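Here the working numbering is used: the first residue of the sequence shown is 262, the next is one more, and so on.
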Amino acid sequence: MATTPAAAQYVLNDALIEVRLPTGGWTPAPMPGTPIPTVSHSAGLLLGTPLPLGGSTLSITINFEGGLTPSQEAIFSSAKSAWEQVLRGYQPGISLTGPTIAATGVAIDGPGKVLGQAGPKVGWVESGYLVTYEGEMKFDTDDLAWMESTGVLEEVILHEMAHVLGFGTLWNLTLDGTLYNNVRPVAGQYTGANALNQYRLEFNQPAATYVPVELGGGAGTANSHWDEEDGGVALTGITQVGTGKDMAFELMTGWLDSPTFLSQTTLESFRDIGFTPVPEPAAAAGAFALGIVGLALWRRSSRSA
Ligand SMILES: [Zn+2]
262 MATTPAAAQY
272 VLNDALIEVR
282 LPTGGWTPAP
292 MPGTPIPTVS
302 HSAGLLLGTP
312 LPLGGSTLSI
322 TINFEGGLTP
332 SQEAIFSSAK
342 SAWEQVLRGY
352 QPGISLTGPT
362 IAATGVAIDG
372 PGKVLGQAGP
382 KVGWVESGYL
392 VTYEGEMKFD
402 TDDLAWMEST
412 GVLEEVILHE
422 MAHVLGFGTL
432 WNLTLDGTLY
442 NNVRPVAGQY
452 TGANALNQYR
462 LEFNQPAATY
472 VPVELGGGAG
482 TANSHWDEED
492 GGVALTGITQ
502 VGTGKDMAFE
512 LMTGWLDSPT
522 FLSQTTLESF
532 RDIGFTPVPE
542 PAAAAGAFAL
552 GIVGLALWRR
562 SSRSA
């Protein structure tokens, strides 16, 4: 029997990724061919419809540390449950049960511009993986109300929570001289085997040698999202087999185009970095059938401001 390496914690560099409005403000900008939905937001499956999955051992702890209303906290809690249900737990040998995330509403920079910031703060190393031990999600108090009222808040929270869990933030990090989670060894190229294999099938890219990763958008966007046209201004032409959904609408591209869908490729990327996601796309889709939100073209951009 191999010896299980001891677990270790590492305080990570400040890797908070900002959520921003596009320059010039927030404008409903549906993708070509997408009907403009009404603003009758429905939290739908995220808020109250339990998934018939059960058995998840992943337990994300959200500590609400002020600045959020009960209804906003409820959206956080639903996002937490959704990720718990689809990621399920950790790979064998990882003794952590789940990260702790501090969630706050704080004044950042007034209405618009930066909407929020999120990322892992403390890492947990075990069995060769680096996963999140503690993370942080902060949203601008001047933006929370309208994000909630337009129905975008839950998508933003799901997206940002994925970053806290390691998507784009723990893809290759060197700690004490050891490189962990080396799934994006080259800029713009995700090569983690599980997500890459899934991408070839799910998006009919059999010859792909990597999943394209965003290079545009600045430091808080580049190399931490799936690739799409800069600014989310056009379809990618890469579509999900069976549904025809364009990659531009995937939850984890750099610009959030609604209605969002969660690809199995994203889920499998979490397998590459230590989780045990559900294998069936249909099951995953249930947790993230956000639908009907339909408004946003979000710029996730530089953290430098
Ligand atoms: Zn992002």
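Even glycine gets a Cβ: it sits at the ideal position worked out from N, Cα and C.
In this text, all values refer to a predicted model and were calculated from it rather than measured experimentally.
Between which two residues does the beta strand (DSSP E) harbouring Asp401 extend?
-> 390-401
Any non-hydrogen atom of ligand 1 closer than 7 Å to Ser485 Cβ = Yes.
Length of the line joining the Cα atoms of Gly350 and Ala423 = 14 Å
Beta-carbon proximity list for Asp507, same chain, < 6 Å, skipping 5 on both sides = Leu496, Thr497, Thr500
Distance between Ser530 and Pro538 (C-alpha atoms, nearest Å) | When rounded, the distance between both Cα atoms is 9 Å.
Range covered by the alpha helix (DSSP H) that runs through Ile418 | 414-425
With a threshold of 16 other CB atoms inside 10 Å of the CB of Asp437, please say whether the residue is buried or exposed.
-> exposed
Return the chain-ordered list of same chain residues with a C-beta closer than 8 Å to the C-beta of Thr514, the five sequence neighbours on each side being excluded.
-> Glu475, His486, Trp487, Asp488, Glu489, Gly493, Met508
DSSP state of Ala379 mapped onto helix, strand, coil = strand
Is the CB-CB distance between Ser320 and Gly354 below 8 Å?
-> no
Nearest residue (CA-CA) to Leu426, options Gly384, Leu440, Val272 = Gly384
Straight-line gap, Gly366 to Ser339 (C-alpha atoms, nearest Å) | In this model, Gly366 and Ser339 are separated by some 17 Å (Cα to Cα).
Cβ separation of Leu391 and Asn443, assumed to be a contact under 8 Å, to the nearest whole Å | At roughly 10 Å, the Cβ-Cβ gap does not stay under 8 Å, so Leu391 and Asn443 are not in contact.
Does any heavy atom of ligand 1 sit closer than 7 Å to the C-beta of Gly493?
-> No, the beta carbon of Gly493 sits no closer than 7 Å to any heavy atom of ligand 1.
Whole-number beta carbon distance between Glu395 and Thr361, since they are thought to touch under 8 Å | Sure, about 5 Å apart at Cβ, within 8 Å.
Based on the DSSP output, what are the partners of Leu618 in its beta bridges?
-> Not covered by the structure: residue 618. The range shown for the chain is 262 to 566.
heavy atom of ligand 1 below 7 Å from Gly515 C-beta | Annotation for Gly515 indicates a beta carbon within 7 Å of some heavy atom of ligand 1.
Separation of Ala469 from Ser332, as counted between CA atoms = 43 Å
For Val272, which of helix, strand or coil comes out of DSSP?
-> strand
Nearest to Ala267 by alpha carbon, out of Thr322, Ser356, Asp404, Pro540?
-> Ser356
Please go through the same chain and pick out, in chain order, the residues whose beta-carbon is closer than 8 Å to the beta-carbon of Gln466, but skip the five residues on each side of it.
-> Tyr460, Ile499
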